[in-house]
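Quick note on numbering: the sequence shown equals residues 16 to 197 in my numbering. Yeah, the Cβ is synthetic: ideal placement off N, Cα and C, and Gly gets one too.
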Amino acid sequence: MHELLKKGGWDFVIVQEQSTDPALPTAQVVEKVYPSAHTIDSLVMAGSPKAKVIFFMTWGHKYGYRVPMPEYPPMNSYEGMQHRLITSYLEMAYDNDALCAPVGLAWKRVREERPNIILYNNDCYHPSRIGSYLAANVIYTTMFPKRYQSKFRAGMSGPEAEYLQQVAQSTVLDNLTLLNFK
16 MHELLKKGGW DFVIVQEQST DPALPTAQVV EKVYPSAHTI DSLVMAGSPK AKVIFFMTWG
76 HKYGYRVPMP EYPPMNSYEG MQHRLITSYL EMAYDNDALC APVGLAWKRV REERPNIILY
136 NNDCYHPSRI GSYLAANVIY TTMFPKRYQS KFRAGMSGPE AEYLQQVAQS TVLDNLTLLN
196 FK
């Protein structure tokens, strides 16, 4: 990967950490996650100075971290884990003068507004096809920040696909400053 990044020629580089480490206590995130984010960003900029690095904000596990952490209660619920992920991914974007693709924020909104939409795979932390569709729309809107309507539905009904597209778009476009767009 390092050689590919150094080689250059990139317009966008999407960076995603898995959903556990950025949700850990702040001191651990500072030690384990932020240095790697900075290294990747530096490699991208060295090879592709005009590239946009985009940090892919992940979502909390459906019921919190799959291994209970009594010593750190925020990890033990979706809400606590999601809050930590939001903070960590925004910090990565700010610290590296990069963008943030707020997949976790869009995920949170869908969970609140339409809890019947199944975003998770059966393991309760990987995305379902629908969750992947939502994530893809958030990434697309982050890369190309404008409203659109796609006919691709990933096997969903028109209204459900359109709802997810609209959530993705508004989550990005209504939060441009928060997501480090300048």
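Span of the beta strand (DSSP E) around residue i
{"i": "residue 29", "result": "27-30"}
Cutoff 8 Å; reference residue i; Cβ partners in own chain excluding five residues on either side
{"i": "residue 198", "result": "This structure leaves residue 198 out entirely; the chain is present only between 16 and 197."}
{"i": "residue 191", "result": "160"}
{"i": "residue 24", "result": "62, 63"}
{"i": "residue 51", "result": "32"}
Among the options, nearest to residue i - alpha-carbon criterion
{"i": "residue 69", "options": "132, 57, 78", "result": "57"}
{"i": "residue 35", "options": "172, 169, 196, 95", "result": "95"}
{"i": "residue 85", "options": "53, 135, 178, 40", "result": "40"}
{"i": "residue 49", "options": "157, 123, 105, 126", "result": "105"}
Coil, strand or helix - residue i by DSSP
{"i": "residue 142", "result": "strand"}
{"i": "residue 150", "result": "helix"}
{"i": "residue 179", "result": "helix"}
{"i": "residue 79", "result": "strand"}
{"i": "residue 59", "result": "helix"}
{"i": "residue 44", "result": "helix"}
{"i": "residue 6", "result": "Past the edges of the chain, shown from 16 to 197, lies residue 6, and the structure says nothing about it."}
{"i": "residue 193", "result": "coil"}
Where the alpha helix (DSSP H) containing residue i begins and where it ends
{"i": "residue 20", "result": "17-22"}
Buried or exposed (CB count within 10 angstroms, at least 16 for buried), residue i
{"i": "residue 167", "result": "exposed"}
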